[in-house]
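Below you'll find the structure, written out as structure tokens, and then a few comments.
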Amino acid sequence: MVKIIAIANQKGGVGKTTTSVNLAASLAAMNKRVLLVDLDPQGNATMGSGVDKHNIERSIYDVLINQESVSAVAIAVSESGFSVLPANADLTAAEVELLDIDNRERRLATALAKVANSYDFILIDCPPSLNMLTLNALVAATGVIIAMQCEYYALEGLSALLDTIASVREAVNPDLELQGILRTMYDPRNSLTNQVSNQLHQHFGEKVYRTVIPRNVRLAEAPSHGLPVMHYDRYSRGSKAYMALAGEIIRREEQLANLDQAAHLVEKNGETQ
Numbered sequence: 001m002v003k004i005i006a007i008a009n010q011k012g013g014v015g016k017t018t019t020s021v022n023l024a025a026s027l028a029a030m031n032k033r034v035l036l037v038d039l040d041p042q043g044n045a046t047m048g049s050g051v052d053k054h055n056i057e058r059s060i061y062d063v064l065i066n067q068e069s070v071s072a073v074a075i076a077v078s079e080s081g082f083s084v085l086p087a088n089a090d091l092t093a094a095e096v097e098l099l100d101i102d103n104r105e106r107r108l109a110t111a112l113a114k115v116a117n118s119y120d121f122i123l124i125d126c127p128p129s130l131n132m133l134t135l136n137a138l139v140a141a142t143g144v145i146i147a148m149q150c151e152y153y154a155l156e157g158l159s160a161l162l163d164t165i166a167s168v169r170e171a172v173n174p175d176l177e178l179q180g181i182l183r184t185m186y187d188p189r190n191s192l193t194n195q196v197s198n199q200l201h202q203h204f205g206e207k208v209y210r211t212v213i214p215r216n217v218r219l220a221e222a223p224s225h226g227l228p229v230m231h232y233d234r235y236s237r238g239s240k241a242y243m244a245l246a247g248e249i250i251r252r253e254e255q256l257a258n259l260d261q262a263a264h265l266v267e268k269n270g271e272t273q
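Position 220 (the sequence shown) corresponds to 220 in the UniProt record's numbering; numbering is contiguous.
See below:
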């Protein structure tokens, strides 16, 4: 069953797009079928995947507004092993046009449902704001990864995003849950980083990923080459961190599947007694 994960934070510059691209590549390297949905009008995830946003015939705009099929618009990134649903500046118009469309918050969910059997993971790179595009992502997703730096103001933004997730779960998407909190641009030498990290563990426990993404020059350089870091410098700390994150996510999913299977067997045995 496909896992649809929105990677979100209303604050920009926290490593959200970096996480989307590199997690997609890392999951693909582990033989998972992956679709990366670029839902940010800046198109950075598209460019970072090696797709020129200026030379695409169709984009996520056509999926949301013109109801083009995902399979017709998605582009396979052969070197990285995943597919990307690209975005460019056209997506800015979609934010306005969606306001006059019925079931506007479900447009992305409806489109992805038609290709769900083709992928193991669908990652959605959300824009850095809580707008109609982000709402579409949260309605389509089953989980949210919050990418955040360990700094004071990040905690305030986290609270607002968690309130939004709770509201969407209550009103529209009861399957939506906090998948995990990912600490990015992590520097353990910084005392504030450690303080905020400790607070996250106290409040969210196992929802905080054990994997942290360090500040890493090679990780920062990779997007300018249109490559995930593992294809730019596979031995860099950034590459190893995202591979570790992919492994952690897969293990969590396997553990949840085993728990669900065990619960189902207990229920079944109870019915037969």
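Note that beta-carbon positions come from the ideal geometry of N, C-alpha and C, so glycine has one too.
Check your understanding: Out of curiosity, what's the CA-to-CA distance linking R218 and R107?
Key -> Along the sequence shown, one-based indexing puts residue 218 at 218. Along the sequence shown, one-based indexing puts residue 107 at 107. Using only the alpha carbons, I get a separation of about 37 Å.
- Task: Look at the alpha carbon of A45 and the alpha carbon of V196, and state the distance between them as a whole number of angstroms.
- Result: Residue numbering aside, residue 45 sits at position 45 when the sequence shown is read from its first letter. Residue numbering aside, residue 196 sits at position 196 when the sequence shown is read from its first letter. The straight-line gap separating the alpha-carbon atoms of A45 and V196 is approximately 28 Å.
- On the three-state DSSP scale, how would you describe residue 288? The first residue shown for the chain is 1 and the last is 273, placing residue 288 beyond what the model contains.
Next on the checklist: Quick check on the DSSP output: what are the complete beta strand (DSSP E) runs of length 3 or more inside the stretch 46–109, in order along the chain?
Outcome noted: Counting only runs of 3 or more residues that sit fully inside the stretch 46–109, the beta strand (DSSP E) segments are 75–77 and 82–85, in chain order.
What residue ranges within the stretch 132–193 form continuous alpha helix (DSSP H) runs of no fewer than 4 residues, ordered along the chain? Complete alpha helix (DSSP H) runs here, min 4: 132–140 and 152–171.
TODO: Could you spell out the range, first to last residue, of the beta strand (DSSP E) harbouring L123?
DONE: Walking along the sequence shown from the start, residue 123 turns up at place 123. Per DSSP, the continuous beta strand (DSSP E) segment holding L123 begins and ends at F121 to D125.
Query raised in the report: Closest to D90 by CA distance: which of F121, A72 and N55 is it?
Result: As a working mapping, residue 90 is identified with position 90 in the sequence shown. Nearest to D90 by alpha-carbon distance, out of F121, A72 and N55, is N55.
query: If you compare alpha carbons, which of R169, A166, E151 and L178 is closest to Y186?
result: Counting from one through the sequence shown, the residue named residue 186 turns up at place 186. The shortest Cα separation from Y186 among R169, A166, E151 and L178 belongs to E151.
Have a look at N194 and P188 and give me their C-alpha separation to the nearest angstrom.
Locating residue 194 in the sequence shown gives position 194, counting from the first residue. Locating residue 188 in the sequence shown gives position 188, counting from the first residue. Distance between the alpha carbons of N194 and P188 is about 6 Å.
Can you look up Y242 in the DSSP assignment and give me helix, strand or coil?
Here residue 242 is taken as the residue at index 242 of the sequence shown, counted from 1. Looking at Y242 - three-state DSSP - the assignment turns out to be helix.
### Same chain, Cβ closer than 7 Å to A6, five either side skipped, listed in chain order
In the sequence shown, the residue the question calls residue 6 occupies position 6. So the qualifying residues of the chain are I124, C126, A137, L138, A141 and V144.
**Request:** Taking F204 as the reference, give the member of R58, R183, E221 and A220 with the closest Cα.
**Result:** For this step, residue 204 is matched to residue 204 along the sequence shown. Checked all of R58, R183, E221 and A220; the closest Cα to F204 is R183.
- Query: If S49 and V73 are in contact, beta carbons under 8 Å, what's the gap, nearest whole angstrom?
  - Reply: Here residue 49 is taken as the residue at index 49 of the sequence shown, counted from 1. Here residue 73 is taken as the residue at index 73 of the sequence shown, counted from 1. At roughly 14 Å, the Cβ-Cβ gap does not stay under 8 Å, so S49 and V73 are not in contact.
query = Alpha carbon to alpha carbon, what distance is there between N269 and T19?
reply = As a working mapping, residue 19 is identified with position 19 in the sequence shown. As a working mapping, residue 269 is identified with position 269 in the sequence shown. One Cα belongs to T19, the other to N269, and the distance between them is close to 42 Å.
task: Determine the direct distance from the alpha carbon of D120 to that of K114, and round the result to whole angstroms.
output: For the purposes of this step, residue 114 is identified with residue 114 of the sequence shown, where counting begins at 1. For the purposes of this step, residue 120 is identified with residue 120 of the sequence shown, where counting begins at 1. C-alpha separation (whole angstroms): 14 Å.
| Taking the C-alpha atoms as reference points, what is the distance between A87 and L133? | Here residue 87 corresponds to residue number 87 of the sequence shown, with the count starting at 1. Here residue 133 corresponds to residue number 133 of the sequence shown, with the count starting at 1. For A87 and L133, the distance between alpha carbons rounds to 12 Å.
| query | Does the beta-carbon distance from Y242 to S26 come in below 8 Å? | reply | The residue labelled residue 242 in the question sits at position 242 within the sequence shown. The residue labelled residue 26 in the question sits at position 26 within the sequence shown. Taking 8 Å as the Cβ cut-off, Y242 and S26 qualify as a contacting pair.
(message) For L219, list the residues DSSP reports as bridge partners.
(response) By 1-based counting over the sequence shown, the position of residue 219 is 219. BP columns for L219 are empty, so no partner.
- Task: Classify N66 as buried or exposed, calling it buried when 16 or more other Cβ atoms lie within 10 Å of its own Cβ.
- Result: Within the sequence shown, the letter at position 66 stands for residue 66. Residue burial is scored here from C-beta neighbours: N66 has fewer than 16 other C-beta atoms within 10 angstroms and is therefore classed as exposed.
Discussion item. Taking the alpha-carbon of A147 as reference, which of K207, N173 and S118 has the nearest alpha-carbon?
Written reply: On the sequence shown, position 147 is the one that residue 147 refers to. Cα-wise, what sits closest to A147 is K207.
*asked:* Using only CA atoms, which one of L227, I250 and I249 lies nearest to S239?
replied: As a first step, residue 239 is located in the sequence shown; it is residue number 239 there, counting from the start. Comparing Cα positions, the closest option is L227.
| field | 8 Å Cβ shell around G157 - same chain, five flanking residues per side excluded | value | Counted from its first residue, the sequence shown places residue 157 at position 157. Once the five neighbours on either side are set aside, the close Cβ partners of G157 are N9, Q10, K11 and M148.
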